[in-house]
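K.L.:
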Amino acid sequence: MRLALPDRFFDYLPWAAATLLVAGIVHIVSVLLMPTLAPRDAYARTLAAVGDAPTGLVALPPMAPDAEPLPFEDPAFAEGVCVYDLSKGMLRVTAPADGEDYLALSFHARGSRIYHAITDRAAIKGKIDIVIGDERQMDALQSASDEAPQQEVRLTAPSKRGFVLVRSLAKRPSDMARARERLASVICERVDPPKD
């Protein structure tokens with residue numbers, strides 16, 4: 033004897049499929065919007081760790097459980113941040129690179145997106161030199177230096193505010209003091225745009 037499926041099952045099948053589809057779409061959209069809508073994003077956590085109006089590079093405290101200013105930090109790195117606001121001028125980041133010690137810089141926009149990253153391997157003549165500005169500032173800098181060869185890496189930031197995360201690797205726990213010294217040699221300074 034063969035059991036037949038009730039006709040009501042087929043009546044509810046399209047509704048069940050539509051409900052699952054809508055629930056899946058809502059889930060995907062909420063996961064994708066969470067970094068933008070989160071009140072404690074990486075930019076807010078960075079400002080909380082370094083204060084409201086920092087100048088230059090600010091070293092982050094050593095990592096401790098449940099006290100990390102930024103997510104997914106590695107205790108083998110000494111870290112520091114440069115918070116910038118391009119409405120006050122461009123930012124120049126310079127750092128010496130010796131080729132033996134790992135140094136990494138990542139550039140974060142206000143919405144916590146990383147828009148550029150660089151390591152000491154990209155240093156020119158033992159020096160990392162990067163200028164960050166908005167589109168208008170970069171156009172003014174380009175027109176002012178058409179004749180002169182470009183000596184630095186120029187980055188156009190997607191938003192006026194953001195931060196630069198600098199990481200210096202300590203190969204062994206005993207090298208942490210040396211990694212912090214390398215971190216202190218990184219200079220973040222405001223640069224006035226060229227006059228027309």
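All residue numbers for the sequence shown refer to this note's numbering, where the first residue is 33 and numbers rise by one.
All C-beta atoms in this analysis are idealised placements derived from N, C-alpha and C, irrespective of residue type, glycine included.
#1: V27 to A155, Cα distance in whole Å?
#2: In whole angstroms, what separates the C-alpha of D106 from that of P205?
#3: With a threshold of 16 other CB atoms inside 10 Å of the CB of D152, please say whether the residue is buried or exposed.
#4: Rounded to whole angstroms, what is the Cα-Cα separation between G131 and A216?
#5: How long is the line joining the alpha carbons of A110 and L64, rounded to whole angstroms?
#6: So what does DSSP say about S138, is it helix, strand or coil?
#7: Where does G112 land, buried or exposed, given buried means 16+ other C-beta within 10 angstroms?
#8: With DSSP as the reference, label L92 as helix, strand or coil.
#9: Closest to L135 by C-alpha separation, out of I150, I146, R124, A141, would be which residue?
#10: Using CA coordinates, which residue listed in P46, E213, M122 is at the minimum distance from E167?
#11: Please confirm whether V58 has its beta-carbon closer than 8 Å to some beta-carbon of chain D.
P.N.:
Reading off the structure:
#1: Outside the modelled stretch of the chain, which goes from 33 to 228, sits residue 27, for which no answer is possible.
#2: 12 Å
#3: buried
#4: Roughly 17 Å between the two C-alpha positions.
#5: 30 Å
#6: strand
#7: It is buried - the Cβ of G112 has at least 16 other Cβ atoms within 10 Å.
#8: coil
#9: I150
#10: M122
#11: Of the chains in the structure shown, none is chain D; there is only one protein chain.
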